[in-house]
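Same order as they appear, the protein sequences are chains A and B. Residues in the first sequence are numbered from 1 upward in steps of one, following this note's numbering. Residues in the second sequence are numbered from 1 upward in steps of one, following this note's numbering.
There are 2 protein chains.
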Amino acid sequence: MAQRLANSGLRFTPQREVIYDVLLSKRDHPTADEVYARVRTDMPNISLATVYNCLETLVQCNLVRAVNFERGPTRYCPNLHPHAHFHDEQSGSTHDIDLPAELLEKVSAVLPPGYDAKSVEIIFRGKAQPRVDPAAP
Amino acid sequence: MAQRLANSGLRFTPQREVIYDVLLSKRDHPTADEVYARVRTDMPNISLATVYNCLETLVQCNLVRAVNFERGPTRYCPNLHPHAHFHDEQSGSTHDIDLPAELLEKVSAVLPPGYDAKSVEIIFRGKAQPRVDPAAP
DNA sequence: TTGAAACTTAGAACCATTACAATTATCTAA
DNA sequence: TTAGATAATTGTAATGGTTCTAAGTTTCAA
Numbered sequence: 001m002a003q004r005l006a007n008s009g010l011r012f013t014p015q016r017e018v019i020y021d022v023l024l025s026k027r028d029h030p031t032a033d034e035v036y037a038r039v040r041t042d043m044p045n046i047s048l049a050t051v052y053n054c055l056e057t058l059v060q061c062n063l064v065r066a067v068n069f070e071r072g073p074t075r076y077c078p079n080l081h082p083h084a085h086f087h088d089e090q091s092g093s094t095h096d097i098d099l100p101a102e103l104l105e106k107v108s109a110v111l112p113p114g115y116d117a118k119s120v121e122i123i124f125r126g127k128a129q130p131r132v133d134p135a136a137p
Numbered sequence: 001m002a003q004r005l006a007n008s009g010l011r012f013t014p015q016r017e018v019i020y021d022v023l024l025s026k027r028d029h030p031t032a033d034e035v036y037a038r039v040r041t042d043m044p045n046i047s048l049a050t051v052y053n054c055l056e057t058l059v060q061c062n063l064v065r066a067v068n069f070e071r072g073p074t075r076y077c078p079n080l081h082p083h084a085h086f087h088d089e090q091s092g093s094t095h096d097i098d099l100p101a102e103l104l105e106k107v108s109a110v111l112p113p114g115y116d117a118k119s120v121e122i123i124f125r126g127k128a129q130p131r132v133d134p135a136a137p
């Protein structure tokens with residue numbers, strides 16, 4: 001952990017350590033508030049702002065993954081065919097990506113018995129090269 | 001559209017129609033605020049609350065899909081292996097689902113040229129049968 | 001040991017969304 | 001057509017997760 005932090009020019013602080021420990025010791029995908037509550041048993045004076053800061057730091061240096069890290073407002077689309085979404089981080093725009101039914105089945109097939117999914121959401125994030133229209137002047 | 005609404009015992013109102021038209025006419029995944037802005041050129045007195053209500057209604061009767069409909073707080077996990085998430089809608093809990101690298105490749109392969117994804121997020125939603133521990137008393 | 005940079009903190013601010021209560025529109029059945 | 005019931009819309013207030021700010025503290029390198 002100290003290594004990972006150092007690699008990014010970040011410091012290894014007691015707060016970051018305790019927060020990471022909390023995440024490792026009970027892997028139930030806690031929210032920031034839940035992390036805050038758990039950390040306070042060890043470190044009663046930590047602030048919620050610090051918890052948010054540290055979680056963000058841990059995500060930055062790839063020690064932790066944020067689920068549902070789409071912070072912005074919900075977006076709506078009338079495309080009812082099965083499709084994934086590509087979120088262009090530079091422009092902030094969202095594009096539909098066609099999804100072969102065959103692939104969707106394969107994805108759903110990874111669920112262990114006992115898991116009954118009503119929906120699957122697939123979100124890509126990255127850069128989208130603006131495609132040049134070949135018919136353009 | 002009227003049919004879909006009626007099927008769910010809902011009414012076909014001018015507001016719902018205009019909002020659906022807006023979504024159909026420019027498919028750029030607008031936010032509720034953006035929908036509000038566009039709708040107001042046709043219907044200047046509509047309220048933002050109505051836009052939210054109508055969007056929710058359209059989602060309910062399957063005319064529209066909400067992207068990023070995970071409203072709750074962000075969750076954090078220290079599992080760095082590639083994995084998907086299963087969100088149990090009854091208990092609100094989130095489980096890791098192992099994802100074969102081979103499948104992840106297949107998923108990424110659906111991206112058209114020009115799309116460069118830094119990350120893929122796969123979220124299942126549904127019911128998870130609590131598995132009985134065979135070693136339990 | 002001293003200065004700079006990083007970090008933590010409390011509290012205010014932000015903003016998407018939801019709740020609320022009052023009004024208005026729509027539907028059904030007489 | 002009308003009456004009453006039900007559903008929908010509206011403006012505004014409230015909520016809640018998250019981020020900002022500015023001040024104080026710690027850590028590191030020289």
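Glycine residues also receive a C-beta, built at the ideal position from the N, C-alpha and C atoms.
Inter-residue spacing [alpha-carbon to alpha-carbon] between residue i and residue j
| i | j | result |
| --- | --- | --- |
| B:N79 | A:V64 | 7 Å |
| A:L24 | A:A32 | 14 Å |
| B:V18 | B:M43 | 8 Å |
| B:V67 | A:T50 | 30 Å |
| B:S91 | B:R125 | 12 Å |
| A:Y84 | A:H95 | Residue identity check: residue 84 of chain A is Ala in the sequence provided, not Tyr. Between A:A84 and A:H95, the C-alpha separation is close to 8 Å. |
| B:N53 | B:V22 | 15 Å |
| A:L99 | B:V120 | 14 Å |
| A:L103 | B:L103 | 9 Å |
| B:A6 | A:Q15 | 55 Å |
| A:Y20 | A:P30 | 12 Å |
| B:H81 | B:E105 | 14 Å |
| B:L55 | A:K127 | 29 Å |
| B:I46 | B:E34 | 13 Å |
| A:S8 | A:N62 | 10 Å |
| A:T41 | A:K26 | 14 Å |
| B:R38 | B:M1 | 20 Å |
| B:F86 | A:A101 | 20 Å |
With 16 other Cβ atoms within 10 Å as the buried cut-off, status of residue i
| i | result |
| --- | --- |
| A:T13 | exposed |
| B:P112 | exposed |
| A:T57 | buried |
| A:R11 | exposed |
| A:R75 | buried |
Nearest residue (CA-CA) to residue i, options the options
| i | options | result |
| --- | --- | --- |
| B:Q129 | B:T57, B:Y76, B:L10, B:S93 | B:S93 |
| B:V59 | B:T41, B:R4, B:F124 | B:R4 |
| B:Y36 | B:L48, B:R27, B:D28 | B:L48 |
| A:V110 | B:A117, B:R75, B:I123, B:G114 | B:I123 |
| B:G114 | A:D88, A:P113, A:H29, A:N62 | A:D88 |
| A:D28 | B:K118, B:I97, B:E105 | B:I97 |
Strand pairing of residue i, partner residues [DSSP]
| i | result |
| --- | --- |
| A:T94 | A:H87 |
| B:K127 | A:D116 |
| B:E121 | A:I123 |
| A:V51 | Paired residue(s): none; A:V51 is not in a bridge. |
| A:V67 | B:R75 |
Report task. Note down, in chain order, all residues in the region 100–120 of chain B with a beta-carbon under 9 Å from any beta-carbon belonging to chain A. Result -> P100, L103, K106, V107, S108, A109, V110, L111, P112, P113, G114, Y115, D116, A117, K118, S119, V120
**Report entry** Near-chain B residues of the region 46–63 of chain A (beta-carbon distance less than 9 Å), N- to C-terminal order
**Finding:** L55, L58, V59, N62, L63
Query raised in the report: For the region 17–32 of chain B, which residues have a beta carbon sitting closer than 8 Å to at least one beta carbon of chain A?
Result: Y20, L23, L24, R27, D28, H29, P30, T31, A32
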